[in-house]
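Q:
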Amino acid sequence: MAAGARRAVLLWVLLTFLAMLLLLPLPPVTADCPLDLSGSNFTLAASLCSKKEDRGKCCRYINAFIAVSASRYANATGNLGVPSNLSDTCVGSITQTMQLYGLPQNATLFCGFGTKIPVHYECMERTTVGEMLQSPEFENVVQNCEVPVSGEADCRKCLNADIVYLHHLVGTDDNVTLSICRDAAFVALTSRVDAATTVNFARCFFQVDGLVSPLVSSPSGNITETSPSPSSAASPDQALLGLPQDGNHHHPYHLTLIPGIGIGVTLFAFVVLMVLVVLIRKKSKELDDPDNLDKASSKAFSAWTTRKFQQGSAAMFRKFSYKEIKKATDNFTTVIGEGGFGVVYKAQFSDGSVVAVKRMNKVSEQGEDEFCKEIELLARLHHRHLVALRGFCAEKHERFLVYEYMANGSLKDNLHSPGKAPPSWQTRIQIAIDVANALEYLHFYCDPPLCHRDIKSSNILLDENFVAKVADFGLAHASKDGSICFEPVNTTDIRGTPGYMDPEYVVTQELTEKSDVYSYGVVLLEMVTGRRAIQDNKNLVEWSQIFMASESRLPELVDPRIKDSFDFDQLQTIVSTVRWCTQKEATARPSIKQVIRLLYESSDPMHSGFVEALEEEEFEGRGRTNSKGKTSRSGDVIFHSGDARCLASSSSTSRSHCSRTFLLETGSPQSPPNMYSL
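See the structure below:
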């Protein structure tokens, strides 16, 4: 009886689906969209979009194609993108065009074409080029983006001016609006320049090359006509950048596209029907046999990962059952926090061990990818100041990560929760050193090096002794070549946390170890002031500038709750470190090694006394020594080696020794600006 009912339901679903398919009209292809992407190098974009690891670069190319086409449209109309009533038409038409040229069907979906990459730009109620050009401070962008933008220096200058303008106009909270306004700024800048200059600007703004198809680009870089026929050949600007051609002219492929679409839809319908049949039958079998749930979920993990789990020590890392997790969390009632990908519970197992269990919100494709990434990463990371992974659970479409339990919660809670006593000044200094050691391990002693990408106070946890450990590696990634630590990411998916985010990232979409250093500088400032990264709609770094500009106003920065217990010399060093770490240009920021040296020198009196003794003996007559272990020569600041307390707080790994924290680096950034004399 049950089998007969399932067959009836299956037949009804199939007939309903087929009827809907036959009733649906074919999508319009020759719609009245004024944007024309002819001449765009879709071949290169299609190649990138077919590889999962290149999705970020794929999205940047799509973004650039649309922005360049919108720029030429603005040249003719003065509008920032097409009118809003044509948005859906253009999105559908361009999507079909991209698929026709080989881009995968899901490329426009995961890039957010139509939402995160719009064809109608409305930037803070500005919809025309004139409104953008007249907006406050945009003139500064125009001056810094003077034609030609050739070379990395010119590009960086232009991008930095754009970042400052966008942050002033939009703020730092709304990442989607930031992206839209960035594209609107690009269109406004390029709406009155020639085709080659527009492509050059796009290369800078979106960090992409090869936007021009080889078929329409000569070796010199000039655009050539694609057809010798005067009546059918487009102008150079039209052929490349999407100016609509004469209203009576139609693309040749439009004449054959509708029959092709019809055949494609028919074939697609049969494929969908067959897949639907298979899925329904498979689901029916799973419902009849609950054991299949566990088998299906286990397929989400790679063979490599499974072998690694089996090779690990059962005492240190193991797989937990769903039943164990449920019992240890008292039926999931012991909530202690929530993160971007799940809820965190306190769990106590029958052997008395206490851990933290993170339950993933949903088992989507992204969730599984993040889950596997986090397990593979954390299972091989071992450091005193990184939260240790104890195990995992994957059953019944559930995903759990089991971490060591951190009794004192997050740094954010300790700084900002009304019911908690504020950490002392010395505790905050030690937390800063602990976090810096964790980042040093990730940046220099992992193979390959790692960037965390989301350093913030809520991702810094404190154990029962207030030892700080960095958590949440859901955003961490490794460098591909093992030496530098950045990877292009989805240009429309601005990741990280507002207030802590590297200002260069909004435009360049590149995260390096210097992005972690910027976020670390914000956390350092947050600990000094007791203020949130964004409070009262003010960015903490910008809010603090007036106090950091004058040595006499530095005490006003300090958290009022500990204003009577801070060390002024240490405060000077911390403020100098913050200024150095939060430089707008990444190249001007220090490495985390240099930060550690500054912190150790300011925090340990033994260290300063030891350095002074060495200087008196070895550098007699070469310069005067101050009380903080620095020698002044012509106004420069020289950092000394030696670290009396690094055995207590340095990275605890076989590749990480005491001496490494004071290795001087060649070619490193200059000393912090306006370094106060201690």
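Using this note's numbering, the letters of the sequence shown map in sequence onto residues 12 to 689.
Ideal Cβ positions, reconstructed from N, Cα and C, are used throughout, including at glycine.
#1: Quick one: measure Cβ to Cβ for Lys-369 and Val-355, integer angstroms, because I've assumed they're closer than 8 Å.
#2: From the DSSP secondary-structure annotation, give me the bridge partner or partners of Val-481.
#3: Quick one: what's Arg-214 bridged to in DSSP?
#4: Check this for me: beta carbons of Leu-222 and Val-365, under 8 Å apart or not?
#5: Go through its chain and collect everything with a Cβ distance to Val-140's Cβ below 6 Å, but skip five positions before and after it.
#6: Which residues bound the alpha helix (DSSP H) around Tyr-531?
#7: Quick test of your reading: Ala-367 and Met-417, contact by CB under 8 Å. State the CB separation rounded to the nearest angstrom.
#8: Looking at Phe-212 and Val-153, is the spacing between their C-beta atoms short of 8 Å?
#9: Looking only at C-alpha atoms, which of Thr-209, Gln-359, Cys-122, Ser-332 sits nearest to Thr-344?
#10: What's the call for Gly-640, buried or exposed, on a 16-neighbour Cβ count within 10 Å?
#11: Cα separation between Val-413 and Val-93?
#12: Could you check whether Gly-510 and Leu-450 sit closer than 8 Å to each other, using their CB atoms as the reference points?
#13: How many angstroms separate the CA atom of Lys-293 from the CA atom of Phe-279?
#14: Between Ile-73 and Tyr-132, is the Cβ-Cβ spacing less than 8 Å?
#15: What's the gap between the Cα of Val-122 and the Cα of Ser-561?
#16: Taking Cys-69 as the reference, give the member of Ser-104, Asn-117, Cys-101 with the closest Cα.
#17: With contact counted as at least three CB pairs below 8 Å, one residue from each stretch, are the region 527-538 and the region 463-472 in contact?
#18: Specify the secondary structure class of Ile-347 as computed by DSSP and reduced to three states.
#19: Do you know offhand how far Glu-475's Cα is from Ala-405's?
#20: For a test of the three-state rule: what should DSSP assign to Cys-592, helix, strand or coil?
#21: Using a Cβ-Cβ cutoff of less than 7 Å, which residues in the same chain neighbour Ala-443 once the five nearest sequence positions on both sides are dropped?
#22: Report buried or exposed for Glu-567, applying the criterion of at least 16 other Cβ atoms within 10 angstroms of its Cβ.
#23: Exposed or buried, which one is Asp-458 when buried takes at least 16 other CB atoms within 10 Å?
#24: Please report the distance separating the alpha-carbon of Val-606 from that of Thr-588.
#25: Please go through the same chain and pick out, in chain order, the residues whose beta-carbon is closer than 6 Å to the beta-carbon of Lys-431, but skip the five residues on each side of it.
#26: Could you please give the first and the last residue of the uninterrupted beta strand (DSSP E) stretch that includes Ala-560?
#27: Tell me, to the nearest whole angstrom, how far the beta carbon of Thr-208 is from that of Val-158; I am working on the premise that it is less than 8 Å.
#28: Quick one: Cα of Lys-423 to Cα of Ala-164, how far?
#29: Which of helix, strand or coil does DSSP assign to Ser-421?
#30: With a cut-off of 8 Å on the beta carbons, I'd call Cys-134 and Leu-91 a contact; round off their distance for me.
#31: At the level of alpha carbons, what is the spacing between Ala-599 and Thr-593?
#32: Of the residues Gly-182, Leu-144, Phe-216, which one's Cα is nearest the Cα of Asn-171?
#33: Would you kindly check if the distance between the Cβ of Cys-462 and the Cβ of Asp-547 is under 8 Å?
#34: So if DSSP puts His-463 in a beta bridge, which residue, or which two residues, is it bridged to?
#35: Residues in its own chain within less than 7 Å of Ile-77 by CB, not counting five upstream and five downstream?
A: Put simply:
#1: 5 Å
#2: Leu-397, Ile-471
#3: In the DSSP output, where bridge partners are listed per residue, Arg-214 has none listed.
#4: no
#5: Ala-85, Gly-89, Ala-199, Ser-202
#6: 524-540
#7: 7 Å
#8: no
#9: Gln-359
#10: In this prediction, Gly-640 scores a pLDDT of 35, lower than 50, which makes its location untrustworthy; no coordinate-derived value is stated.
#11: 50 Å
#12: no
#13: 21 Å
#14: no
#15: In the sequence as displayed, the identity of residue 122 is Cys instead of Val. Going from the Cα of Cys-122 to the Cα of Ser-561 covers about 46 Å.
#16: Asn-117
#17: yes
#18: strand
#19: 30 Å
#20: helix
#21: Leu-535, Met-538, Leu-610
#22: exposed
#23: exposed
#24: 7 Å
#25: Asn-425
#26: Looking at the DSSP string, Ala-560 is not in any beta strand (DSSP E), and its letter there is neither H nor E.
#27: 6 Å
#28: 38 Å
#29: strand
#30: 7 Å
#31: 9 Å
#32: Phe-216
#33: no
#34: Answer is none; His-463 lacks a bridge partner.
#35: Ile-128, Val-130
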